[in-house]
Amino acid sequence: MSAVSTAGAAARPWSRGLASLRATGPAGVASAVVIAAAMFAAAFGPLLAPYNPDLPNLSLAWAGPTGGHLLGYDVEGRDVLSRLLAGAQTAMLGPLAVVILSVTAGTLLAVTAAWRRGASDAVISSGLDIVFAFPGILLAVLAAAVFGAGLPAAAIALSIAYLPYIARVLRGAALRERSQPYVAALEVQGAPAASICLRHVIPNIGPLIAAQATILFGSAMIDLAAISFLGLGVQPPAANWGVMISENQVGIVQGYPLPALAAGICIVTVVIAVNVLGERLFDQARAARR
Amino acid sequence: MLPASLLVASFVIFAALYLAPGSPIAALSGGRPLPPGSVQILEQRYHLNEPFLAQYWYWLDNALHGNLGISITLRENVSTLIASRIWTTAGLVLYASVIIVVLGIGLGVVSGLRPGALDTSALVVTAVSAAIPAFVAAIVLIMLFAVKLGWFPALGNGTGFASNVRHFTLPAVALATVSLGIVARVTRASVRQEGDREYVQTAVSRGLPARAVIQRHIVRNAAIPITTITGITIASLIAVSAVVEVAFSLNGLGSYLVQAAQTKDLAVVQGISLVLVTAFVVVNLLVDVLCAMLDPRVTLGSDRR
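In the order they appear, the protein sequences are chains A and B.
Heads up: the first sequence is residues 78 to 367, going by the working numbering.
Heads up: the second sequence is residues 3 to 307, going by the working numbering.
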């Protein structure tokens with residue numbers, strides 16, 4: 078990466094983002110398309126659903142695919158395709174909230190620690206070491222025990238649990254950036270620390286932040302779906318991919334695997350896409366640093 | 003660092019559940035109104051009328067002596083309940099760790115050393131495996147190996163060692179899936195990176211046998227990142243085990259923790275959280291120790307970043 082962030086590139090983050098996406102190759106672009114489709118379903122899923130996703134009809138329970146119902150019916154006779162589309166909302170927006178929260182907080186902590194060093198760095202780093210003692214799922218279960226089961230508590234718990242993973246990597250990158258001559262030059266010119274961090278340091282570690290955020294989305298999706306599967310996240314009868322698997326798990330043993338499998342395939346497809354894209358972005362960020 | 007970390011973690015666990023809404027007296031009485039005399043007796047017995055820090059101290063002191071309080075729903079000692087379930091979770095995590103170490107590292111080393119068709123297919127398989135959450139792996143495994151083929155039981159713990167192993171096989175595979183993919187990919191990348199180094203090319207061009215180069219140079223130098231990622235992912239299984247235990251109806255710590263969280267059995271939640279956090283921290287410490295043993299340049303207690 079060039080040491081000095083040029084004003085033009087910083088002014089057009091979208092075109093720069095598109096260019097780096099194109100550089101991830103066909104697998105990266107295909108992954109981005111899958112993610113975009115899932116995000117579209119998350120935004121408009123309930124409107125796209127051909128039937129009411131929450132309307133049970135027990136006489137149709139476990140009925141297989143028919144003309145108007147491409148994926149058949151679930152354990153309570155609800156249309157599986159409609160529930161998948163409606164369930165995309167919490168399945169996608171939950172991890173998105175986790176990523177936004179933990180990446181924002183993690184970046185601020187990492188850059189603060191790297192910029193001020195000394196006591197601030199020691200306090201932030203040992204605080205992160207303490208948080209590191211709590212695995213994400215355990216913190217989410219604790220949050221459910223204290224605040225009651227639900228998606229918001231689980232999402233906040235995961236955002237906190239992911240902090241050390243993201244902040245440690247970004248702190249290292251920010252430390253390297255801080256020792257660059259251009260930072261010293263700006264300091265000598267009298268630029269305020271906040272403006273150097275916000276306008277130069279953070280944009281320059283931007284590719285690494287983007288790669289971290291992408292990989293983190295995959296973990297958040299798996300963990301949040303797991304918490305909903307455990308009955309501590311999104312509460313049934315609301316449609317959600319994790320909830321659909323736990324609701325329809327009995328179907329696996331009874332010979333009706335489709336409803337549970339369909340939800341599982343949705344999760345796995347999005348996570349593969351996110352991981353592939355994240356890996357490419359990491360390679361890019363690493364190559365750019367050399 | 004270890005005792006400090008655990009002390010703060012124990013404080014967080016106690017404080018979080020102390021702040022939970024609902025009074026402990028109501029939980030003890032099952033919501034029935036009690037005469038003021040018995041309320042006073044209960045308050046005294048459980049130190050409920052003392053300040054927060056004193057209560058934390060009593061709890062920690064008791065916990066260190068193996069007394070984690072009473073489960074409100076089962077009316078039994080939490081320590082006894084944990085002791086009867088801990089081996090399910092430990093066995094499951096251990097079984098999954100063996101799978102991850104043997105298959106994950108093995109696959110990673112082989113595909114790292116031999117570019118070609120095998121490597122390419124291994125990359126695809128591990129990318130998929132790293133994206134299959136444990137509960138999705140669980141339903142697929144139950145469908146294929148329990149329902150269709152009937153090779154393994156779908157649910158339960160089993161009795162006796164042989165039966166335990168049979169019952170734990172599918173859960174252990176489900177638990178290992180994600181980590182297997184991650185460990186194999188990181189192993190492959192580290193082996194490939196070492197194999198491309200100049201000193202390896204020098205060793206090869208000097209005519210050293212491939213075996214010696216691989217064993218003495220490539221694998222040895224790639225061992226640190228491999229140990230780190232394997233350790234971190236195995237430590238994470240301690241919590242993910244809950245998901246697998248619920249999916250396979252196994253009677254372990256994780257499924258009990260989830261049940262206790264749902265019924266607000268706070269003494270149980272505190273006790274199991276404390277055990278799981280301790281195990282997680284200890285495993286991570288072991289990884290650091292192992293890395294220091296593998297590479298004398300790594301020193302313990304220094305700034306690892």
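Every residue, glycine too, gets a C-beta built ideally from N, C-alpha and C.
Whose Cβ in chain B lies nearer than 9 Å to the Cβ of residue i?
| i | result |
| --- | --- |
| A:L285 | The premise fails here: A:L285 is roughly 15 Å from chain B at the closest Cβ pair, so nothing lies under 9 Å. |
| A:Q289 | Per Cβ cutoff of 9 Å: no residues; A:Q289 is ~15 Å from chain B at best. |
Name the chain B residues whose beta carbon is nearer than 8 Å to that of residue i?
| i | result |
| --- | --- |
| A:N352 | A129, A132 and A133 |
| A:D131 | Those within 8 Å of A:D131 in chain B number zero; the least Cβ separation is about 23 Å. |
Given residue i, which residues of its chain have a CB within under 6 Å of its CB, disregarding the five upstream and five downstream residues?
| i | result |
| --- | --- |
| A:L219 | none |
| B:S275 | I15 |
| B:G236 | Here residue 236 of chain B is Ile; the residue named in the question, Gly, does not match the sequence. S99. |
| B:N286 | A237 |
| A:V353 | A104 and S108 |
| A:A226 | L309 |
| B:F13 | none |
Could you work out which residues of chain A lie near residue i, taking near to mean beta carbons separated by less than 9 Å?
| i | result |
| --- | --- |
| B:A244 | I214, L215, V218, A303 and L307 |
| B:S238 | P212, G213 and I214 |
Establish whether the CB of residue i and some CB of chain B are separated by less than 8 Å.
| i | result |
| --- | --- |
| A:D151 | no |
| A:I322 | yes |
Suppose the cutoff is 7 Å on Cβ atoms and the five residues either side in sequence are ignored; what does the same chain contact list for residue i look like?
| i | result |
| --- | --- |
| A:A303 | I214 and G319 |
| A:E153 | P133, L135 and A138 |
| B:T265 | T75 |
| A:I322 | F306, A337, A340 and G341 |
| B:S251 | L157 and G158 |
| A:N325 | D151, V152, P336 and A337 |
| A:T346 | V111 |
| A:I329 | A337 |
| B:S192 | A224, P227 and I228 |
| A:A115 | A165, M169 and V347 |
So which residues on chain A does residue i lean against when the C-beta distance must stay under 8 Å?
| i | result |
| --- | --- |
| B:L19 | L219, A222 and V223 |
| B:Y248 | In the sequence as displayed, the identity of residue 248 of chain B is Val instead of Tyr. Residues of chain A passing the Cβ test: F306 and L307. |
| B:L278 | P212 and L215 |
| B:I308 | This structure leaves residue 308 of chain B out entirely; chain B is present only between 3 and 307. |
| B:L292 | Those do not exist, as B:L292 stays about 18 Å from chain A at its closest Cβ, beyond 8 Å. |
| B:A212 | Near B:A212 there are no residues of chain A at all, since even the closest Cβ is about 28 Å away, more than 8 Å. |
Between residue i and chain A, is any beta-carbon pair separated by less than 8 Å?
| i | result |
| --- | --- |
| B:S192 | no |
| B:S275 | yes |
| B:I141 | yes |
| B:F137 | yes |
| B:V149 | yes |
| B:A22 | yes |
| B:A178 | no |
| B:A241 | yes |
Should residue i be listed as close to the ligand ZN, given that the test is whether its C-beta is under 7 Å from any heavy atom?
| i | result |
| --- | --- |
| B:R222 | With respect to the ligand ZN, the structure offers nothing, as it holds no ligand at all. |
Closer than 8 Å by C-beta to residue i: which residues in its own chain qualify, once you throw out the five before and the five after it? Chain order, please.
| i | result |
| --- | --- |
| A:G85 | Low per-residue confidence applies at A:G85: pLDDT is 45, beneath 50, and the placement is therefore not dependable enough to give any value. |
| B:L50 | P26, I27, L44 and Q57 |
| B:A78 | As written in the sequence, residue 78 of chain B is Glu, which differs from the Ala given in the question. The residues are I72. |
| B:V95 | L177, I236, L239, I240 and S243 |
| B:V175 | A98, I101, A139 and L143 |
| B:I107 | V185, A186, T189, I228 and T232 |
Which chain B residues sit within Cβ distance under 7 Å of residue i?
| i | result |
| --- | --- |
| A:I207 | S7, V10 and A11 |
| A:V348 | A133 |
| A:I282 | By Cβ distance, chain B contributes nothing, its closest Cβ being about 15 Å from A:I282, past 7 Å. |
| A:I201 | Those within 7 Å of A:I201 in chain B number zero; the least Cβ separation is about 12 Å. |
Which residues of chain A have a Cβ atom closer than 7 Å to the Cβ of residue i, listed in chain order?
| i | result |
| --- | --- |
| B:F282 | A210 and P212 |
If we count Cβ pairs, one from each stretch, closer than 8 Å, do we get three or more for the segment 50-70 of chain B versus the segment 223-238 of chain B?
-> Verdict: no, contact absent.
Residues in the segment 292-314 of chain A having any Cβ partner in chain B nearer than 9 Å | Of all residues in the segment 292-314 of chain A, G295, M298, I299, D300, A302, A303, I304, F306, L307, G308 and L309 have a Cβ within less than 9 Å of some Cβ in chain B.
Three or more beta-carbon pairs under 8 Å between the segment 205-218 of chain A and the segment 261-273 of chain A, yes or no?
-> Here the segment 205-218 of chain A does not lie against the segment 261-273 of chain A, with fewer than 3 beta-carbon pairs under 8 Å apart.
Residues from the segment 240-268 of chain A in contact with chain B, defined by Cβ distance under 8 Å = Listed in sequence order: R245, R248 and G249.
When you check each C-beta in the segment 105-127 of chain A against every C-beta of chain B, which residues fall closer than 8 Å?
-> Of all residues in the segment 105-127 of chain A, none is placed with a Cβ closer than 8 Å to any Cβ belonging to chain B.
So does the segment 67-76 of chain B actually touch the segment 264-283 of chain B, counting three or more Cβ pairs closer than 8 Å?
-> Segment contact: the segment 67-76 of chain B against the segment 264-283 of chain B, three or more CB-CB distances shorter than 8 Å; contact assigned.
Contact residues within the segment 325-345 of chain A, judged by C-beta distance below 8 Å to chain B = Against chain B - using a Cβ distance shorter than 8 Å - the residues of the segment 325-345 of chain A are Q326, I329, V330, G332, P334, A337, L338, G341, I344 and V345.
Within the chosen definition, does the segment 176-187 of chain A reach the segment 209-223 of chain B through at least 3 CB pairs nearer than 8 Å?
-> With a cut-off of 8 Å, the segment 209-223 of chain B and the segment 176-187 of chain A do not count as touching, because too few Cβ pairs lie within range.
Near-chain A residues of the segment 151-168 of chain B - C-beta to any C-beta below 7 Å = Going along the segment 151-168 of chain B in chain order, one finds A156 with a Cβ nearer than 7 Å to chain A.
Segment contact flag, the segment 254-265 of chain A with the segment 277-288 of chain A, C-beta cutoff 8 Å, min 3 pairs | Remark: three or more beta-carbon pairs, one from each stretch, lie closer than 8 Å, so the segment 254-265 of chain A and the segment 277-288 of chain A are flagged as touching.
The segment 152-166 of chain B in contact with the segment 118-136 of chain B per 3-pair CB rule at 8 Å | Verdict: no, contact absent.
Is the segment 77-97 of chain B close to the segment 246-256 of chain B, with three or more CB pairs under 8 Å?
-> Yes, since at least three Cβ pairs between the segment 77-97 of chain B and the segment 246-256 of chain B fall closer than 8 Å, the two stretches touch.
Please name the residues in the segment 254-273 of chain B whose beta-carbon is closer than 8 Å to at least one beta-carbon of chain A, in chain order.
-> Taking 8 Å as the upper bound on Cβ-Cβ separation, chain A lies near residues L259, V260, A262, A263, Q264, K266, L268 and V271 of the segment 254-273 of chain B.
Touch check for the segment 142-149 of chain B and the segment 121-131 of chain B: three-plus C-beta pairs under 8 Å?
-> No, because fewer than three Cβ pairs between the segment 142-149 of chain B and the segment 121-131 of chain B fall closer than 8 Å, the two stretches do not touch.
Meets three-Cβ-pair contact criterion under 8 Å: the segment 156-165 of chain A and the segment 121-129 of chain A | Cβ pair count under 8 Å is three or more, so yes.
Three-pair Cβ contact test at 8 Å for the segment 240-252 of chain A versus the segment 182-194 of chain A = With a cut-off of 8 Å, the segment 182-194 of chain A and the segment 240-252 of chain A count as touching, because enough Cβ pairs lie within range.
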